[in-house]
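A.B. asks:
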Amino acid sequence: MEMKIALLPGDGIGPEVIAQAVKVVKAVAENFGHEVSFEEAPVGAAAIDLEGDPYPDSTHDVCLRADAVLFGAIGDPKYDNDPKAKVRPEQGLLRMRQKLGLFANVRPTFTFPSLIHKSPLKLERVEGVDFVFFRELTGGIYFGEPRGRNEQGTKAFDTNVYSKEEIARLARMGFEAAQKRRKHLTCVDKANVLATSRLWRETVQEIAPEYPDVKVEYEFVDAVAMRLIQWPKAYDVLITENLFGDILTDEASVISGSMGLMPSASLGVENKLFEPIHGSYPQAAGKDIANPLATVLSAAMMFEYAFGLKAEAEAIAAVVNASLAAGVVTEDIADGGKAYKTSEVGDWLAANL
Ligand code: IPM
Ligand code: MN
0 MEMKIALLPG DGIGPEVIAQ AVKVVKAVAE NFGHEVSFEE APVGAAAIDL EGDPYPDSTH
60 DVCLRADAVL FGAIGDPKYD NDPKAKVRPE QGLLRMRQKL GLFANVRPTF TFPSLIHKSP
120 LKLERVEGVD FVFFRELTGG IYFGEPRGRN EQGTKAFDTN VYSKEEIARL ARMGFEAAQK
180 RRKHLTCVDK ANVLATSRLW RETVQEIAPE YPDVKVEYEF VDAVAMRLIQ WPKAYDVLIT
240 ENLFGDILTD EASVISGSMG LMPSASLGVE NKLFEPIHGS YPQAAGKDIA NPLATVLSAA
300 MMFEYAFGLK AEAEAIAAVV NASLAAGVVT EDIADGGKAY KTSEVGDWLA ANL
């Protein structure tokens, strides 16, 4: 297969972890007989510095030309501490999601046997946890209008708005994923309070009969926040709106003990983007110490979700597990053992595929 991949390394450790994913993608392509090409473009603070825009049109064009986008991380402390900064890296991320139509953010939580002792939860609660969030990514309160302040600047408002179409297309992706998994879907909402949530519930109820093999449950977001800690094994596929998904997927990302190792996909009809869940970790930038595994596993998701190549994705997951078992890991998970450099982990993965 021919694959054109856009590389958007972004800020902080982004370039270093993307470089390791590229090594792994090249090795997989060689082993499985695929032809892969890369085109790189700036995003985030890196793009502000270069072009004054965190998501320049030229970068958008590179994404449109590609079959899939591999994204590093964005964010730079020089913008975080300045609430009056006119352009912020995060605006680029939001504009990119909207312009590429990436309406479904897929965030899995699973465990690595060798890291499970790092979980903040008791072993019996976390062993075997395997669920996936489908977070709506281009609607809701992140984008709803009106938003802003009154004239005196003494009141601020945001608008949460969803159409049935937006809910249904996200829900359908969740149902289809559930059919391929344990056939259990949880709709996470706040239907006891919010009109948007009542529309979510109504829409999901309407389309559920199309997936008779999937068991559907409806749970309030506050209860899910609790149960994710108490008994995360209760979940298989969870679907939810943009803001609830933002919050719950951060909670979910720490329960397996593999914080910093979780990958994600953002899917649209035409475009597909893959990125690690972790941020740009500016303190580690340029030091060759950042953990590249979340980005490497995002590349695995790319093979599966963008190209339908499951064996390739599984080969990457297997070599990641092998590196963990062999102790070829960066300092964050070295546990007092030898800490390998970011680039050494990437080299090892590519060589051992
Ligand atoms: C995420 C991030 C973004 C979000 C921020 C950086 C705008 O937290 O990808 O979850 O809120 O969506
Ligand atoms: Mn977030």
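Those letters in the sequence shown? Residues 0 to 352, per numbering that gives the first Met the number 0, in order. Even glycine gets a Cβ: it sits at the ideal position worked out from N, Cα and C.
Grab the span of the alpha helix (DSSP H) containing I315 for me, first residue to last.
C.D. replies: Unbroken alpha helix (DSSP H) run through I315: K309 to A325.
A.B. asks: Could you say which of A224, N30 and E303 lies nearest to A312 if we only look at CA atoms?
C.D. replies: When each option's Cα is compared against that of A312, the closest is E303.
A.B. asks: Please list, following the chain, all residues that have a C-beta closer than 7 Å to any non-hydrogen atom of the ligand MN.
C.D. replies: D245, T248 and D249
A.B. asks: Rounded C-beta distance between I315 and A298? I'm assuming under 8 Å.
C.D. replies: Confirmed, about 6 Å.
A.B. asks: Within 7 Å: the Cβ of E89 and any heavy atom of the ligand IPM?
C.D. replies: yes
A.B. asks: Have a look at D75 and H59 and give me their C-alpha separation to the nearest angstrom.
C.D. replies: 21 Å
A.B. asks: In the structure shown, what three-state DSSP assignment does K340 receive?
C.D. replies: coil
A.B. asks: Are R146 and F156 touching if we call contact CB-CB under 8 Å?
C.D. replies: One thing to note: R146 has its Cβ within 8 Å of the Cβ of F156.
A.B. asks: With distances taken Cα to Cα, identify the nearest neighbour of L247 among R226, G259 and P262.
C.D. replies: R226
A.B. asks: Using CA coordinates, which residue listed in P14, I332 and I4 is at the minimum distance from V42?
C.D. replies: Among P14, I332 and I4, the Cα nearest to that of V42 belongs to P14.
A.B. asks: Let me make sure I understand the geometry here. Which of D66, G326, E29 and A283 has the alpha-carbon closest to that of L99?
C.D. replies: D66
A.B. asks: Identify whether P354 lies in helix, strand or coil by the three-state DSSP scheme.
C.D. replies: Not covered by the structure: residue 354. The range shown for the chain is 0 to 352.
A.B. asks: Excluding five sequence neighbours on each side, which residues of the same chain lie with their C-beta closer than 7 Å to the C-beta of V268?
C.D. replies: G100
A.B. asks: Is the beta carbon of R180 less than 8 Å from the beta carbon of D235?
C.D. replies: yes
A.B. asks: Decide if D10 is buried, meaning its Cβ has at least 16 other Cβ atoms within 10 Å, or exposed.
C.D. replies: buried
A.B. asks: Which residues in the same chain have their Cβ closer than 6 Å to the Cβ of K3, if we skip the five residues on either side of it in sequence?
C.D. replies: S36, A65 and D66
A.B. asks: Within the 8 Å Cβ cut-off, does A167 reach chain B?
C.D. replies: In the structure shown, chain B does not exist; there is a single protein chain.
A.B. asks: Going by Cα to Cα distance, which pick from G152, S162 and R124 is closest to F142?
C.D. replies: Sorting G152, S162 and R124 by C-alpha distance to the C-alpha of F142 places S162 at the top.
A.B. asks: Pull up the distance between the alpha-carbon of A325 and that of L93, whole angstroms please.
C.D. replies: 39 Å
A.B. asks: Can you pull the DSSP bridge partners for L266?
C.D. replies: DSSP, once it has assigned bridges, lists A103 and K271 as partnering L266.
A.B. asks: Alpha carbon to alpha carbon, how far is N159 from S57?
C.D. replies: 31 Å
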